[in-house]
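First the structure, in the form of structure tokens, and then the observations on it.
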Amino acid sequence: RDEKGSDFIQTLVEVLRANPGRDLLELLTEVNRRVCEQDVLGPDCDEPRKACLEICSSLRRRLCLQ
Amino acid sequence: VEPWRPEPAPGPSTQYDLSKTKAALLLAVIQGRPGAQHDVEALGGLCQALGFETTVRTNPTAQAFQEELAQFREQLDTCGGPVSCALVALMAHGGPQGQLLGTDGQEVQPQALMQELSRCQVLRGHPKIFLLQACRGGKRDAGVGPTALPWYRRWLPAPPSVPSHADVLQIYAEAQDSSGRGPPSGSSHQADILTVYAATEGYVAY
């Protein structure tokens with residue numbers, strides 16, 4: 132988070148800016164794929180770690196933000 | 077059993093109508109979270125680009141988290157106009173049980189904050205999006221695959237799976253639900269909610 136923000140928020144913004152008209156759940160799946168691919172070396176980690184989003188939806192329809 | 081058929085092309089009935097007001101609330105603890113300002117700027121810019129009326133509050137205390145959510149709900153309920161969608165981003169350090177920590181070090185449960193919007197009258201039937209950038213515990217994921225762990229550590233047995241506090245609560249809630257009450261009328265308070273956590277339960281968010 133120190134240099135450019137958190138993996139989740141920065142990847143989310145990147146993916147949504149590129150595809151604002153697509154279904155949000157599909158985009159979040161892509162965000163999660165990208166976040167899971169990254170190796171993270173946190174401030175108190177001695178070896179790379181992984182992160183994974185948790186997406187909980189009770190949406191009843193497609194949700195496209197634009 | 078009917079054979080599976082491809083879904084019809086998205087239409088008015090299969091997609092939320094977002095033509096009315098969209099509102100976003102970003103609550104972020106920046107103090108003691110280096111780089112967090114980048115998230116606030118990036119997310120705020122995105123929300124505005126997507127047409128959300130965006131409110132940003134930084135460095136809330138635990139109580140201010142609750143108050144800001146309550147105020148946000150009140151504003152939506154009293155604005156008089158239709159609202160299509162609400163987005164709430166909660167960014168802070170997280171406690172071991174998934175609590176959010178305000179700038180005063182006090183804890184607030186994200187579920188309590190999310191329930192606030194479930195009570196919002198104008199958002200009934202409309203999507204409510206929650207983004208949570210916070211740790212949900214102290215566990216760290218070493219990953220899987222050939223480069224994740226040395227071979228000798230891959231064969232260590234996994235710790236036994238014990239029901240979590242959430243599991244116990246769920247079983248209790250299900251027992252309550254099946255205790256003879258009739259079906260509820262109207263739509264569910266729990267419908268139309270999308271929650272995205274930066275980490276799975278119990279794990280660190282980076």
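Residue numbers (the working numbering), protein chains in the order written: chain V, 132 to 197; chain E, 77 to 282. From the three backbone atoms N, C-alpha and C, an ideal C-beta is built for every residue, glycine too.
For a contact meaning CB atoms closer than 9 Å, what does residue i contact in chain E?
{"i": "V146(V)", "result": "Going along chain E, no residue has its Cβ under 9 Å from V146(V), so there is no contact; the nearest lies around 10 Å."}
{"i": "L158(V)", "result": "The contacting residues do not exist; L158(V) stays about 11 Å from chain E at best."}
Cα-Cα, which of the options is closest to residue i?
{"i": "G213(E)", "options": "Y273(E), L103(E) and L119(E)", "result": "Y273(E)"}
{"i": "G108(E)", "options": "G201(E), G278(E) and L177(E)", "result": "L177(E)"}
{"i": "V166(V)", "options": "D154(V), S188(V) and E145(V)", "result": "E145(V)"}
{"i": "A138(E)", "options": "V184(E), Y282(E) and H265(E)", "result": "V184(E)"}
{"i": "E134(V)", "options": "D93(E), P79(E), P110(E) and A104(E)", "result": "P110(E)"}
{"i": "T276(E)", "options": "E161(V), R153(V) and C187(V)", "result": "C187(V)"}
{"i": "V105(E)", "options": "G120(E), Q91(E), R133(E) and L122(E)", "result": "R133(E)"}
So with CB distances below 7 Å, who are the chain V contacts of residue i?
{"i": "P203(E)", "result": "L190 and L194"}
{"i": "T90(E)", "result": "R192 and R193"}
By how many angstroms is the C-alpha of residue j removed from the C-alpha of residue i?
{"i": "G136(V)", "j": "A112(E)", "result": "6 Å"}
{"i": "R216(E)", "j": "P158(E)", "result": "43 Å"}
{"i": "R230(E)", "j": "Q169(V)", "result": "Reliability fails at R230(E), whose pLDDT of 40 lies under 50, so the model's placement of it is uncertain and no value is given."}
{"i": "T97(E)", "j": "P179(V)", "result": "43 Å"}
{"i": "E117(E)", "j": "Q209(E)", "result": "14 Å"}
{"i": "Q141(V)", "j": "R148(V)", "result": "11 Å"}
{"i": "G170(E)", "j": "G201(E)", "result": "30 Å"}
{"i": "V198(E)", "j": "D153(E)", "result": "6 Å"}
{"i": "I30(E)", "j": "C161(E)", "result": "Because chain E spans 77 through 282 in this model, residue 30(E) falls outside it and cannot be assessed."}
{"i": "E192(E)", "j": "E129(E)", "result": "19 Å"}
{"i": "I205(E)", "j": "K181(V)", "result": "25 Å"}
{"i": "M167(E)", "j": "S89(E)", "result": "33 Å"}
{"i": "T131(E)", "j": "G152(V)", "result": "23 Å"}
{"i": "L143(V)", "j": "Q197(V)", "result": "15 Å"}
{"i": "D341(E)", "j": "Q147(E)", "result": "A question about residue 341(E) goes unanswered here, because the residues of chain E that appear run from 77 up to 282."}
Contact check, residue i vs residue j under 8 Å by CB: the rounded distance?
{"i": "L200(V)", "j": "P186(E)", "result": "Nothing can be reported for residue 200(V), as the shown portion of chain V is limited to 132 through 197."}
{"i": "A281(E)", "j": "C211(E)", "result": "5 Å"}
List the residues of chain E whose Cβ lies closer than 8 Å to the Cβ of residue i, in chain order.
{"i": "R180(V)", "result": "R216, D217, A218, G219, V280 and Y282"}
{"i": "E161(V)", "result": "Those within 8 Å of E161(V) in chain E number zero; the least Cβ separation is about 13 Å."}
Run down chain V in chain order and give the residues with a C-beta less than 8 Å from the C-beta of residue i.
{"i": "Q209(E)", "result": "S137, F139 and I140"}
Whose Cβ in chain V lies nearer than 9 Å to the Cβ of residue i?
{"i": "L94(E)", "result": "L194, C195, L196 and Q197"}
Problem set entry | Within 9 Å of chain V by C-beta, residues of the stretch 265 to 277 of chain E in sequence order | Hits within the stretch, in order: Q266, A267, D268, I269, L270, T271, V272, Y273, A274, A275, T276 and E277.
Exercise. At a Cβ cut of 7 Å, what residues of the stretch 101 to 123 of chain E count as close to chain V, listed as they run along the chain?
Worked result: The stretch 101 to 123 of chain E vs chain V, Cβ under 7 Å: R109, P110, G111, A112, H114, D115, A118, L119 and L122.
For this session: Could you run through the stretch 124 to 150 of chain E and flag, in chain order, every residue whose CB is less than 9 Å away from some CB of chain V?
Result: Listed by position, the residues of the stretch 124 to 150 of chain E near chain V (Cβ gap below 9 Å) are A125, L126, G127 and F128.
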